[in-house]
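**Q**
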Amino acid sequence: MATIARGEIESVDYSDVLKIEGVIAVFTSKDIPGINTIGRGDQPILPEDEELLASHNIFYYNQPVAVVVAETQVLADKVACLVKVNYKNISTKPIIFTIQDAINAPPLENRLNSYEGIEPRDRGVNVQRVIKGEFYSPRQYHHMMELHTTVTRPVDNGYEVDCSSQWLGVTQSGIALVLNIPYNAVIVRTRRCGGGFGCKISRHMFAATATALVAYKLNRPCRMAMRMPDIMRIIGKRPDTRLDYEVGVDGNGQIQYMEATFYINDGMCSNENENSYATKSLKNCYNPDRWRVESFGAITDAPTNCFMRAPGEFEGISAIEHVMEHIADELKIDPIRVRFANYRINDNQLPDYIPMFLEKSDYNKRLEYIKEFNAKNRWKKRGLRLNNMAFETTYFGNYSAVVSVYHGDGSVVINAGGVEIGQGINTKLAQAAAFEFKIPVEKVAVIASYDFATPNCYSTASSITTECVALCVIRCCEQINARLAPVRVAMPKATWEEVVLEADVRGILLQANAETSPNDPRLQNYSIFGVAAAEVEVDLLTGTKYIVRGDIFEDVGVSINPALDVGQVEGAFVQGLSLWLIEDAIYNRHNGEIYTDRTWNYHIMGATDIPNDYRVYFSRNRPNPVGILGSKGK
Numbered sequence: 080m081a082t083i084a085r086g087e088i089e090s091v092d093y094s095d096v097l098k099i100e101g102v103i104a105v106f107t108s109k110d111i112p113g114i115n116t117i118g119r120g121d122q123p124i125l126p127e128d129e130e131l132l133a134s135h136n137i138f139y140y141n142q143p144v145a146v147v148v149a150e151t152q153v154l155a156d157k158v159a160c161l162v163k164v165n166y167k168n169i170s171t172k173p174i175i176f177t178i179q180d181a182i183n184a185p186p187l188e189n190r191l192n193s194y195e196g197i198e199p200r201d202r203g204v205n206v207q208r209v210i211k212g213e214f215y216s217p218r219q220y221h222h223m224m225e226l227h228t229t230v231t232r233p234v235d236n237g238y239e240v241d242c243s244s245q246w247l248g249v250t251q252s253g254i255a256l257v258l259n260i261p262y263n264a265v266i267v268r269t270r271r272c273g274g275g276f277g278c279k280i281s282r283h284m285f286a287a288t289a290t291a292l293v294a295y296k297l298n299r300p301c302r303m304a305m306r307m308p309d310i311m312r313i314i315g316k317r318p319d320t321r322l323d324y325e326v327g328v329d330g331n332g333q334i335q336y337m338e339a340t341f342y343i344n345d346g347m348c349s350n351e352n353e354n355s356y357a358t359k360s361l362k363n364c365y366n367p368d369r370w371r372v373e374s375f376g377a378i379t380d381a382p383t384n385c386f387m388r389a390p391g392e393f394e395g396i397s398a399i400e401h402v403m404e405h406i407a408d409e410l411k412i413d414p415i416r417v418r419f420a421n422y423r424i425n426d427n428q429l430p431d432y433i434p435m436f437l438e439k440s441d442y443n444k445r446l447e448y449i450k451e452f453n454a455k456n457r458w459k460k461r462g463l464r465l466n467n468m469a470f471e472t473t474y475f476g477n478y479s480a481v482v483s484v485y486h487g488d489g490s491v492v493i494n495a496g497g498v499e500i501g502q503g504i505n506t507k508l509a510q511a512a513a514f515e516f517k518i519p520v521e522k523v524a525v526i527a528s529y530d531f532a533t534p535n536c537y538s539t540a541s542s543i544t545t546e547c548v549a550l551c552v553i554r555c556c557e558q559i560n561a562r563l564a565p566v567r568v569a570m571p572k573a574t575w576e577e578v579v580l581e582a583d584v585r586g587i588l589l590q591a592n593a594e595t596s597p598n599d600p601r602l603q604n605y606s607i608f609g610v611a612a613a614e615v616e617v618d619l620l621t622g623t624k625y626i627v628r629g630d631i632f633e634d635v636g637v638s639i640n641p642a643l644d645v646g647q648v649e650g651a652f653v654q655g656l657s658l659w660l661i662e663d664a665i666y667n668r669h670n671g672e673i674y675t676d677r678t679w680n681y682h683i684m685g686a687t688d689i690p691n692d693y694r695v696y697f698s699r700n701r702p703n704p705v706g707i708l709g710s711k712g713k
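Counting in our numbering, the final residue of the sequence shown is number 713, and the numbers go up one at a time with none missing.
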């Protein structure tokens with residue numbers, strides 16, 4: 080990895096490394112037979128090519144320069160630092176690392192990219208208070224349970240790739256471009272990801288394309304499991320963002336006007352830029368008719384930042400909720416009252432949900448207790464606050480599935496275009512097939528995702544994949560059921576197994592496939608509403624924080640699997656708490672080198688940090704009229 084932030088490569092010397100026993104080869108950009116890129120530059124969220132190995136220019140500290148191949152991963156990791164890289168034209172200017180650096184940079188450097196913002200339709204006249212502020216959202220590492228891991232094997236004239244990836248399509252295309260081979264020579268399989276949180280949408284491609292290059296050059300299988308310190312150094316994080324705002328409000332906290340600028344730190348390029356998502360999510364559940372928001376992506380001398388759980392939505396909703404709290408604090412009124420004053424009228428169930436949530440969580444009683452607690456305790460204080468959200472689903476990209484029924488025992492197998500990343504997609508797909516076929520769920524298996532069986536699928540992301548693939552499975556089952564209908568009529572008392580066996584004897588195809596797309600009329604956007612309250616105790620002498628209780632309500636429609644969905648809600652909430660309360664990515668401001676690159680110095684919440692009393696509530700008897708099986712996205 081590069082040891083400078085900005086400059087050029089003069090030469091790479093690895094002669095001493097090749098003398099070490101067990102080292103097989105060292106490859107640089109000159110060894111790449113195709114395009115030096117980790118992903119196709121015309122993908123929806125990847126408009127720019129990013130180099131796998133730096134060929135000439137260095138854009139950030141720790142940018143990959145060479146790949147060391149050894150008989151063991153341990154040896155390769157140990158000796159990689161012995162590769163000598165000589166540099167020239169090293170920049171002596173201060174690096175552009177923060178959003179403020181990008182704002183202050185000379186205009187000719189083009190550090191700020193403008194994106195669509197929000198234009199006001201109205202302006203209120205009852206301005207009784209003008210409030211100004213700034214909200215900052217920090218970087219966050221994905222902290223995957225399974226790191227970036229890929230095995231690539233040469234097979235015949237192509238390559239079989241086992242990759243921990245959320246997006247098989249970009250894995251296939253990236254490898255094909257690097258090796259300059261047809262797409263059909265690359266078969267990608269993903270059984271499951273041990274966590275991804277967005278880091279395996281495209282950032283896994285450093286490992287995937289590197290193993291493919293080695294397999295191509297040496298004609299032997301190659302495995303790479305990137306170390307956590309290498310991942311944290313080479314790869315970006317959830318981007319840090321900043322909202323500068325000025326709001327004019329009336330006595331109830333209703334916004335009469337807002338002038339704001341939203342900045343998002345992209346890193347070295349605009350791939351996986353979040354501005355459109357963040358600006359859209361800034362609206363949250365509120366009426367934006369009086370808002371003017373400009374939106375900018377900042378290009379900095381850092382690794383490309385990337386999507387992380389609720390990309391843009393996390394930053395946008397957090398920012399506007401901060402604004403609501405700031406208004407309430409300035410006016411000395413209830414923050415819930417401020418939120419009600421600014422709610423949008425259409426497509427908003429929160430006015431109904433909030434009173435229910437306050438009663439279920441004993442919110443007002445606990446507020447009274449907290450006042451008493453704070454009056455009696457000098458060095459420990461408690462607070463209780465509520466936040467709410469409206470998360471709007473957006474369907475984009477294609478998803479598909481293949482359902483096959485075996486004549487021997489009537490068992491069913493599903494190959495899906497969505498990847499199991501911990502959200503329980505495989506379980507829900509099995510449930511959907513079992514429901515359609517009226518058979519026990521134990522008779523249904525969901526195998527690994529293969530890009531040749533379900534090609535051209537979009538990334539597993541944005542809480543829409545389970546719905547889209549479940550719809551595909553349902554349509555596949557409907558096709559097979561339609562073919563089985565004549566057999567059922569002829570054999571009204573036959574079991575499922577007998578019907579399937581007879582269908583096979585008659586030559587009836589027991590396999591079907593289906594695909595959804597953004598143009599599918601069955602897929603209609605909707606909002607997911609949620610409310611959360613956290614009660615926190617702070618030791619004023621030490622700063623120690625203790626989360627006394629957490630309450631969360633989420634509108635899930637009719638959950639396909641409540642046990643899985645509760646786990647997802649709990650995990651997402653804790654991941655957000657962890658960023659705000661514990662996580663801290665520390666960098667050298669002079670060269671951009673990260674100091675917190677491992678669990679010894681980058682800390683996340685553990686079992687003793689989560690809310691002591693943790694309660695999750697779901698909507699009941701509220702099926703989503705446009706959702707798949709009445710559910711809302713997961």
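Every residue gets a Cβ at the ideal spot worked out from N, C-alpha and C, and that includes glycine.
Over the uninterrupted beta strand (DSSP E) stretch that includes Phe-106, give me the two end residues.
**A** Position 27 of the sequence shown holds residue 106. 102-106 is the span of the beta strand (DSSP E), which, as asked, contains Phe-106.
**Q** Nearest by alpha-carbon distance to Gly-709: which of Asp-380, Ala-291, Thr-545 and Asp-431 is it?
**A** What you label residue 709 is simply residue 630 of the sequence shown in a count that begins at 1. Measuring from the Cα of Gly-709, the nearest candidate turns out to be Thr-545.
**Q** How is the alpha helix (DSSP H) around Gln-647 delimited, first residue to last?
**A** Taking the first residue of the sequence shown as position 1, residue 647 is located at position 568. Here the alpha helix (DSSP H) through Gln-647 covers 641-660.
**Q** Using only CA atoms, which one of Cys-551, Lys-460 and Val-498 lies nearest to Ala-512?
**A** Residue mapping note: residue 512 aligns to position 433 of the sequence shown, counting from 1. Cα-wise, what sits closest to Ala-512 is Cys-551.
**Q** Distance check for Arg-232 and Ala-289, CA to CA, integer angstroms please.
**A** What you label residue 289 is simply residue 210 of the sequence shown in a count that begins at 1. What you label residue 232 is simply residue 153 of the sequence shown in a count that begins at 1. Spanning the two alpha carbons is a distance of roughly 12 Å.
**Q** Would you kindly check if the distance between the Cβ of Arg-270 and the Cβ of Cys-521 is under 9 Å?
**A** Taking the first residue of the sequence shown as 1, we reach residue 521 at position 442. Taking the first residue of the sequence shown as 1, we reach residue 270 at position 191. Cys is not the amino acid found at residue 521; the sequence shown has Glu there. In this structure, Arg-270 does not lie closer than 9 Å to Glu-521 by Cβ.
**Q** Using the DSSP secondary-structure output, state which residues sit across from Val-635 in a beta bridge.
**A** Here residue 635 is taken as the residue at index 556 of the sequence shown, counted from 1. Note: Val-635 sits in no beta bridge, so no partner.
**Q** Assuming Asp-630 contacts Ala-651 (C-beta within less than 8 Å), just tell me the rounded distance between them.
**A** Translated into the one-based positions of the sequence shown, residue 630 becomes position 551. Translated into the one-based positions of the sequence shown, residue 651 becomes position 572. Between Ala-651 and Asp-630 the Cβ distance is about 15 Å, and since that is not below 8 Å, they are no contact.
**Q** By Cβ distance, which residues of its chain are closer than 6 Å to Gly-330, with the 5 residues on each side in sequence left out?
**A** Taking the first residue of the sequence shown as 1, we reach residue 330 at position 251. Gln-207.
**Q** Hey, Phe-697 and Val-635 are a contact pair by Cβ (cut 8 Å); roughly how many whole angstroms apart?
**A** Here residue 697 refers to the residue found at position 618 of the sequence shown. Here residue 635 refers to the residue found at position 556 of the sequence shown. Sure, about 5 Å apart at Cβ, within 8 Å.
**Q** Using the beta-carbon count (16 or more within 10 Å), is Ala-613 buried or exposed?
**A** Residue mapping note: residue 613 aligns to position 534 of the sequence shown, counting from 1. Buried is the call here.
**Q** Name the DSSP bridge partner or partners of Pro-123?
**A** Looking up residue 123 in the sequence shown gives position 44. Pro-123 pairs with nothing; no bridge assigned.
**Q** Across which residues does DSSP place Met-387 in a beta bridge pair?
**A** Numbered from 1 along the sequence shown, position 308 holds the residue referred to as residue 387. Per DSSP, none; premise fails for Met-387.
**Q** Helix, strand or coil: how does DSSP classify Val-52 here?
**A** The shown model of the chain, from 80 to 713, leaves out residue 52, and the question about it has no answer.
**Q** Given this structure, state the Cα-to-Cα distance separating Lys-279 from Thr-574, to the nearest angstrom.
**A** The sequence position of residue 279 within the sequence shown is 200, counting from 1. The sequence position of residue 574 within the sequence shown is 495, counting from 1. Straight-line Cα distance between these residues: approximately 43 Å.
**Q** Which full runs of the alpha helix (DSSP H) of 4+ residues lie inside the stretch 215-284, going along the chain?
**A** 247-258, all fully within the stretch 215-284.
**Q** Based on DSSP bridge pairs, tell me the residues matched to Ile-607.
**A** Residue mapping note: residue 607 aligns to position 528 of the sequence shown, counting from 1. Phe-470, per the DSSP bridge assignment.
**Q** Does Ile-313 come out as helix, strand or coil in the three-state DSSP assignment?
**A** Within the sequence shown, residue 313 is the residue found at index 234, counting from 1. Note: Ile-313 maps to helix in three-state DSSP.
**Q** Whose CA, out of Asn-691, Tyr-215, Gly-609 and His-135, lies closest to the CA of Asp-431?
**A** For the purposes of this step, residue 431 is taken as residue 352 along the sequence shown, with counting starting at 1. Ranking the options by Cα distance to Asp-431, first place goes to Gly-609.
**Q** How big is the Cα-Cα spacing for Asp-618 and Tyr-625?
**A** The residue you call residue 618 lines up with position 539 of the sequence shown. The residue you call residue 625 lines up with position 546 of the sequence shown. Near 8 Å, if we compare the C-alpha coordinates of Tyr-625 and Asp-618.
**Q** Smallest Cα separation from Cys-556: which of Ala-480, Val-204, Pro-308 and Ile-399?
**A** Position 477 of the sequence shown, counted from the first residue, corresponds to residue 556. Selected option, being the one with the closest Cα: Ala-480.
**Q** What does the Cβ neighbour count give for Cys-160, buried or exposed, with the cut at 16 atoms within 10 Å?
**A** Residue mapping note: residue 160 aligns to position 81 of the sequence shown, counting from 1. Looking at its Cβ environment, which holds fewer than 16 other Cβ atoms inside 10 Å, Cys-160 is exposed.
**Q** Can you tell me whether Val-568 is buried or exposed, with buried defined as 16 or more other CB within 10 angstroms of its CB?
**A** As a working mapping, residue 568 is identified with position 489 in the sequence shown. Exposed, because fewer than 16 other Cβ atoms sit within 10 Å of the Cβ of Val-568.
**Q** By DSSP, does Phe-138 sit in helix, in strand, or in coil?
**A** Here residue 138 refers to the residue found at position 59 of the sequence shown. If DSSP states are grouped into helix, strand and coil, Phe-138 belongs with coil.
**Q** What are the residues that DSSP puts in a beta bridge with Ser-479?
**A** Taking the first residue of the sequence shown as 1, we reach residue 479 at position 400. DSSP, once it has assigned bridges, lists Glu-594 as partnering Ser-479.
**Q** Can you list, in chain order, the residues of its chain with a C-beta nearer than 6 Å to that of Val-523? Leave out the 5 residues immediately preceding and following it.
**A** In the sequence shown, residue 523 corresponds to position 444, counting from 1. Counting only Cβ-Cβ distances below 6 Å, and skipping sequence neighbours, we find Val-491, Ala-509, Ala-512 and Ala-513.
**Q** Please name the residue in Ser-108, Lys-167, Leu-132 and Asn-189 whose C-alpha comes closest to that of Ile-175.
**A** Residue mapping note: residue 175 aligns to position 96 of the sequence shown, counting from 1. Closest option to Ile-175, Cα to Cα, is Asn-189.
**Q** For a quick check, are the C-beta atoms of Phe-276 and Arg-200 less than 9 Å apart?
**A** As a working note, residue 276 is residue 197 in the sequence shown. As a working note, residue 200 is residue 121 in the sequence shown. For Phe-276 and Arg-200, no; Cβs fall outside 9 Å.
**Q** Using three-state DSSP, classify Ala-686 as helix, strand or coil.
**A** Position 607 of the sequence shown, counted from the start, is the residue given in the question as residue 686. Ala-686: coil per DSSP, three-state reduction.
**Q** Kindly indicate which residue of Ser-541, Ile-103 and Tyr-140 has the alpha-carbon position closest to the one of Glu-150.
**A** As a working mapping, residue 150 is identified with position 71 in the sequence shown. For the residues Ser-541, Ile-103 and Tyr-140, the minimum Cα distance to Glu-150 belongs to Ile-103.
**Q** Rounded to a whole number of angstroms, what is the C-alpha to C-alpha distance between Tyr-681 and Glu-338?
**A** Taking the sequence shown and counting its residues from 1, the one referred to as residue 681 is at position 602. Taking the sequence shown and counting its residues from 1, the one referred to as residue 338 is at position 259. Cα to Cα, Tyr-681 sits roughly 36 Å from Glu-338.
**Q** Quick one, which of Asp-441, Ile-124, Ser-360 and Gly-86 has its alpha-carbon nearest Lys-172's?
**A** As a working note, residue 172 is residue 93 in the sequence shown. Of Asp-441, Ile-124, Ser-360 and Gly-86, the residue nearest in Cα terms is Gly-86.
**Q** For Asn-421, which residues in the same chain have their Cβ closer than 8 Å to its Cβ, ignoring the five residues on either side in sequence?
**A** Counted from its first residue, the sequence shown places residue 421 at position 342. So the qualifying residues of the chain are Gly-332, Gln-333, Ile-334, Tyr-365, Asn-366 and Met-403.
**Q** Just the Cα atoms here: how many angstroms apart are Phe-341 and Gly-315?
**A** To locate residue 341, count along the sequence shown from 1; it is residue 262. To locate residue 315, count along the sequence shown from 1; it is residue 236. Answer to the nearest angstrom: the Cα atoms are 20 Å apart.
**Q** Run through DSSP, which three-state label would Gly-462 get?
**A** Within the sequence shown, numbered from 1, the residue matching residue 462 stands at position 383. Strand.
**Q** State buried or exposed for Asp-380, treating a residue as buried only when at least 16 other CB atoms are found within 10 Å of its CB.
**A** Within the sequence shown, numbered from 1, the residue matching residue 380 stands at position 301. Buried is the call here.
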